[in-house]
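Each remark here refers to the structure printed beneath this line.
Numbering (full-length UniProt numbering), first residue to last: 1 to 257.
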């Protein structure tokens with residue numbers, strides 16, 4: 001269980017496990033595209049910002065430790081981790097002139113407790129050159145001992161809030177989000193409630209990672225966003241959510257309970 005400031009354990013909603021036709025494994029090419037698109041920026045960040053000498057890798061054979069927060073069931077997490085390791089190896093070669101190779105990598109794969117870790121580790125090749133461990137639990141709190149990580153990574157996960165703001169579920173509240181399953185940006189009170197929840201969640205996430213990452217370590221967060229002045233309802237993904245919401249509402253109204 002995570003150690004941190006969060007006082008109520010969030011509901012655990014994992015991606016669909018297994019490797020069947022409806023699984024996340026078979027339906028995450030968009031997320032794979034996000035990992036691929038960010039690869040060059042991650043590589044540049046490591047080359048420019050990561051100082052392996054200050055982390056003590058010049059005089060010790062310490063293991064370089066990485067965590068992917070929100071790993072799901074693969075295979076995208078493996079692509080992301082492998083990209084990071086290759087970039088770290090290039091930086092090690094550049095800093096130390098091939099005087100010594102890194103002694104190894106350890107990777108922590110984190111997701112909620114209901115995540116299908118069995119499928120994740122079944123897909124992990126036995127010849128991978130790193131030690132691996134699963135870390136179940138919400139990333140909105142501490143998950144690892146202090147100063148464990150040299151590199152933290154999270155891709156396309158932090159847009160999922162720890163909970164739905166209570167105001168948007170209250171029919172007596174000005175922020176009641178009647179008839180919608182998303183924050184479409186059309187109602188100021190709803191947007192304010194979701195923004196406050198996101199700010200609280202991010203504050204908790206960053207405080208936890210600040211304790212887990214060593215001084216001089218790096219963190220990469222990849223998440224979606226909207227240009228200034230563009231509402232969620234005007235974006236393609238917002239239109240999809242509106243359609244999905246309409247289908248869900250129609251299903252509830254049509255089904256004889």
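A virtual CB, placed ideally from N, CA and C, is assigned to each residue, including glycine.
Please read all numbers here as calculations on a predicted model, not as lab measurements.
Item	Value
Using three-state DSSP, classify residue 201 as helix, strand or coil.	helix
Suppose the cutoff is 7 Å on Cβ atoms and the five residues either side in sequence are ignored; what does the same chain contact list for residue 161 look like?	197, 198, 201
Quick check: what's the CA-CA separation for residue 38 versus residue 254?	43 Å
Taking residue 144 as part of the alpha helix (DSSP H), name the residues at either end of that continuous run.	Looking at the DSSP string, residue 144 is not in any alpha helix (DSSP H), and its letter there is neither H nor E.
So which of 118, 245, 47 has the shortest CA-CA distance to residue 183?	245
Out of curiosity, what's the CA-to-CA distance linking residue 227 and residue 75?	30 Å
In terms of residue numbering, what span does the beta strand (DSSP E) encompassing residue 240 cover?	Counting along the chain, residue 240 falls outside any beta strand (DSSP E), though it belongs to the alpha helix (DSSP H) covering 236-254.
Taking only the alpha-carbon atoms, compute the straight-line gap between residue 57 and residue 66 and give it to the nearest angstrom.	15 Å
Alpha carbon to alpha carbon, how far is residue 171 from residue 243?	23 Å
What is the rounded straight-line gap between the Cα of residue 158 and the Cα of residue 71?	12 Å
Please give me, in chain order, every unbroken run of the alpha helix (DSSP H) with length at least 4 that falls completely inside the stretch 57-85.	none
What did DSSP end up calling residue 92 once you bin it into helix, strand or coil?	helix
Should residue 114 be labelled buried (16 or more other beta-carbon atoms within 10 Å of its own) or exposed?	exposed
With 16 other CB atoms within 10 Å as the buried threshold, where does residue 223 fall?	exposed
Rounded to whole angstroms, what's the CA-CA distance from residue 230 to residue 176? Just pull it up for me.	22 Å
Beta-carbon within less than 8 Å of residue 235's beta-carbon, same chain only, minus the 5 sequence neighbours each way: which residues are those?	226
Put residue 221 into one of helix, strand or coil per three-state DSSP.	strand
Are the stretch 92-112 and the stretch 32-46 in contact at 8 Å, needing three or more beta carbon pairs?	no
Can you give me the C-alpha to C-alpha distance between residue 87 and residue 61, rounded to a whole angstrom?	18 Å
Just the C-alpha distance for residue 264 and residue 73, rounded to the nearest angstrom, thanks.	For the chain, the structure presents residues 1 to 257; residue 264 sits outside this window and is missing.
Going by DSSP, which residues form a beta bridge with residue 155?	222
Can you grab the Cα-Cα spacing for the pair residue 241 / residue 25, in whole Å?	21 Å
Can you look up residue 16 in the DSSP assignment and give me helix, strand or coil?	coil
With distances taken Cα to Cα, identify the nearest neighbour of residue 77 among 237, 169, 31.	31
Across which residues does DSSP place residue 110 in a beta bridge pair?	69, 135
Return the residue from the list 123, 106, 163, 189 that minimises the CA-CA distance to residue 135.	106
Count the C-beta pairs between the stretch 204-216 and the stretch 129-143 that are closer than 8 Å, then say yes if the count reaches three, no if not.	yes
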